[in-house]
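K.L.:
My questions will all concern the structure given below.
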Amino acid sequence: MYIIRGDIIHIFEIRADDMYTTIRNTALAMVACFSYIAHASTHPPLIITRGAGGDASGATVIHDNWRHGTPDLVNLTDIPIDKIRPEKYSCILIIGQGAIKEMLLANNASAILSGKTVGLYSHLI
1 MYIIRGDIIH IFEIRADDMY TTIRNTALAM VACFSYIAHA STHPPLIITR GAGGDASGAT
61 VIHDNWRHGT PDLVNLTDIP IDKIRPEKYS CILIIGQGAI KEMLLANNAS AILSGKTVGL
121 YSHLI
């Protein structure tokens, strides 16, 4: 299995406990990176996901393990994009193919994403 972290590729034999540990550590590394960015600002970060699949579950894990304060978690299945107020947030983390597609096809996508640190992740879990 190949796990890519930045420009480093780790190769190892896969076992069930190794996979769980790798998924957990990758998610926690993302939390650490974005929570550091968010900590430097007075505004909270925003995590956007869509649906109830693995990526939405991963977004919930990241939300629950955030280090500095608590980010807002928006599921686009429940809350329309029009209701998102980008000025309230320091950075935006979009998790899942459905959320990425919906955000990029939205009429106000450039207004929401402009001037923000943005992370896009799919197949998180």
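FYI, in full-length UniProt numbering the residues of the sequence shown are 1 to 125.
Even glycine gets a Cβ: it sits at the ideal position worked out from N, Cα and C.
Being a predicted model, the structure only gives us computed values, none of them experimental.
1) Under 8 Å, with one C-beta from each stretch per pair, do the segment 100-110 and the segment 55-62 reach the 3-pair mark?
2) Applying the criterion that 16 or more other CB atoms from any shown protein chain within 10 Å of the CB defines a buried residue, is I79 buried or exposed?
3) Going by beta-carbon coordinates alone, are A111 and R50 separated by less than 8 Å?
4) Under the rule that 16 or more other beta-carbon atoms within 10 Å means buried, what is S122, buried or exposed?
5) Could you tell me which residues DSSP pairs with T117 in its beta bridges?
6) Tell me which residue opens and which closes the alpha helix (DSSP H) that D82 is part of.
7) Below 8 Å on the Cβ atoms is my contact criterion, and I expect I92 with L76 to pass it. Report the Cβ-Cβ distance as a whole number of Å.
P.N.:
In brief:
1) Counting Cβ pairs under 8 Å, fewer than three are found: no touch.
2) The residue is exposed, with fewer than 16 neighbouring Cβ atoms inside 10 Å.
3) Taking a C-beta distance under 8 Å as the contact criterion, A111 and R50 do not qualify as a contact pair.
4) Exposed, since its Cβ has fewer than 16 Cβ neighbours within 10 Å.
5) According to DSSP, T117 bridges with C91.
6) Boundaries for D82: no alpha helix (DSSP H) harbours it, and the DSSP string shows neither H nor E there.
7) The C-beta distance from I92 to L76 rounds to 13 Å, too long to meet the 8 Å contact threshold.
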